[in-house]
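Q: Provided herewith is a single structure, encoded as structure tokens, for subsequent inquiry.
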Amino acid sequence: MMKFGAHAFVWIGDWTTDSGNHAITEAGKVGFDLIEIPLLNPDTFDAASHRATLAKAGIEATCSLVLPKDAHLPDEPEKARDFLYRALVQVEAVGSRYLGGCIAYSLGTLTGVPPTAQERQTVVDVLKDVAAEAKRRGITLALEACNRYETYLYNSLADTRETILAVGVDNLKLHADTYHMNIEEEGFYTPLVNTADVLDYIHMSESHRGLVGSGTVNWDEVWRGLADAKFDGHLVLESFAAINPDLAAATCLWRPPNQGPAVLSTEGFKFLKAGAEKYGLGAN
Numbered sequence: 048m049m050k051f052g053a054h055a056f057v058w059i060g061d062w063t064t065d066s067g068n069h070a071i072t073e074a075g076k077v078g079f080d081l082i083e084i085p086l087l088n089p090d091t092f093d094a095a096s097h098r099a100t101l102a103k104a105g106i107e108a109t110c111s112l113v114l115p116k117d118a119h120l121p122d123e124p125e126k127a128r129d130f131l132y133r134a135l136v137q138v139e140a141v142g143s144r145y146l147g148g149c150i151a152y153s154l155g156t157l158t159g160v161p162p163t164a165q166e167r168q169t170v171v172d173v174l175k176d177v178a179a180e181a182k183r184r185g186i187t188l189a190l191e192a193c194n195r196y197e198t199y200l201y202n203s204l205a206d207t208r209e210t211i212l213a214v215g216v217d218n219l220k221l222h223a224d225t226y227h228m229n230i231e232e233e234g235f236y237t238p239l240v241n242t243a244d245v246l247d248y249i250h251m252s253e254s255h256r257g258l259v260g261s262g263t264v265n266w267d268e269v270w271r272g273l274a275d276a277k278f279d280g281h282l283v284l285e286s287f288a289a290i291n292p293d294l295a296a297a298t299c300l301w302r303p304p305n306q307g308p309a310v311l312s313t314e315g316f317k318f319l320k321a322g323a324e325k326y327g328l329g330a331n
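Given below as structure tokens:
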């Protein structure tokens, strides 16, 4: 069953116990089914407090992360595996059953050359182990494709799908993002349809990371692609009202968004609901 969600960065710039609980509460007020929690620091994550706030707000949570720079998976597979295992403990503790995002690489880590076959194989080997641990905890993983300026490892949905199929487990899915697709893909419709077998999570994000519908993303193609892919997963608004310094450096966000949290969240939610209804999404 398709669920509507929003990334916490729609409301806050960094995740702490207090700011995280604020974002959870706001997501519930707007009417989202879930909030995406940026699990960037598993060791300081207050799972008990957030789980209680989620219950009070009446919403679910998915989690996402970016590997630390010293745990870029192809270079430091053991550090990456350990970080992901620690993250899974917190995903389970907060009551979530989903961990997506940049689970195979660190944003901003660039080698100056394309990914090698050995780098991709290292990712496959480690994600097999992590997926097995996730399965034991009842958690689904999703690997995100990001643009060439943030990573060299996975830029297109097709390349990301190849690794997902190579891992060969049923709890590793594809995490798409319209912001990155706007840079990397030859349109939106075909990539979404061609990866429908593994596509389960998508960030609905504008070309400038602000209010959806106010940039250059071809939303008609996105909606048609999702509809024809019979998408029935997680439809998640990703706009950045504020952002922490580390992520700002990795994603090169140097100026404020075009709207504040109230507009980004309420109008963004309306945009998702209207598009899904118009294109019959979730009715398949």
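If you read the sequence shown in the numbering used here, its first letter stands for residue 48, the second for the next number, and so on.
Using N, Cα and C, we set each Cβ at its ideal position, and we do this for glycine too.
Quick caveat: nothing in here was measured; it's all calculated off a predicted structure.
1) Beta carbon of Pro85, beta carbon of Trp58: below 7 Å?
2) When you compare only the Cα positions, how much space is there between Gly52 and Gly234?
3) For Leu221 and Leu200, which I take to be in contact (beta-carbon distance under 8 Å), what is that distance rounded to the nearest angstrom?
4) So what's His227 in DSSP terms, helix, strand or just coil?
5) List the whole-angstrom C-beta distance separating Glu83 from Thr109, where the pair is believed to meet the contact cut-off of C-beta under 8 Å.
6) Report, in whole angstroms, the separation of the C-beta atoms of Pro304 and Ser286, which I expect to be a contact under 8 Å.
7) Whole angstroms is fine: what's the gap from Asp65's alpha carbon to Gln168's?
8) By the three-class DSSP mapping on this structure, what secondary structure does Ala53 have?
9) Quick check on the burial criterion: 16 or more other C-beta atoms within 10 angstroms. Buried or exposed for Cys193?
10) Locate the alpha helix (DSSP H) running through Val45, then write down its first and last residues.
11) On the CB-based measure, 16 or more other CB atoms within 10 Å of its CB, does Gly185 come out buried or exposed?
12) Look at the alpha carbon of Asn331 and the alpha carbon of Leu282, and state the distance between them as a whole number of angstroms.
13) Take Lys325 and list the residues in its own chain whose beta-carbon comes closer than 6 Å to its own, dropping the five residues that flank it on each side.
14) Assuming Val214 is part of the alpha helix (DSSP H), what are its boundary residues?
15) From Ala323 to Trp266, what does the alpha carbon distance come to, in whole angstroms?
16) To which residues of the same chain is Gly148 closer than 7 Å at the C-beta, ignoring the five residues directly before and after it?
17) Here's a check: name, in chain order, each residue in its chain whose Cβ is nearer than 7 Å to the Cβ of Gly78, leaving out the five neighbours to either side.
18) Would you tell me roughly how many angstroms separate the C-alpha atoms of Gly105 and Leu81, rounded to the nearest one?
19) Who are the Cβ neighbours of Met48 in its own chain at under 7 Å, not counting the five residues just before and after it?
20) Measuring alpha carbon to alpha carbon, tell me which residue in Leu135, Thr210 and Asn202 is nearest Ala164.
A: So, to answer that:
1) Against a cut-off of 7 Å, the Cβ pair of Trp58 and Pro85 comes out as no contact.
2) 24 Å
3) So it is not a contact: roughly 15 Å between Cβ atoms.
4) helix
5) 5 Å
6) 6 Å
7) 40 Å
8) strand
9) buried
10) The requested residue 45 is not part of the displayed model; the chain covers only 48 to 331.
11) When all chains shown are included, Gly185 counts as exposed.
12) At Asn331, the pLDDT of 47 sits below 50, so the modelled position is not reliable and the matter cannot be decided from this model.
13) The beta carbon of Lys325 sits closer than 6 Å to none of the beta carbons in its chain outside the five residues before and after it.
14) Leu204 to Val214
15) 11 Å
16) Ser111, Leu112, Val113, Glu191 and His222
17) Phe316
18) 9 Å
19) Asp279
20) With distances taken between Cα atoms, Ala164 lies closest to Thr210.
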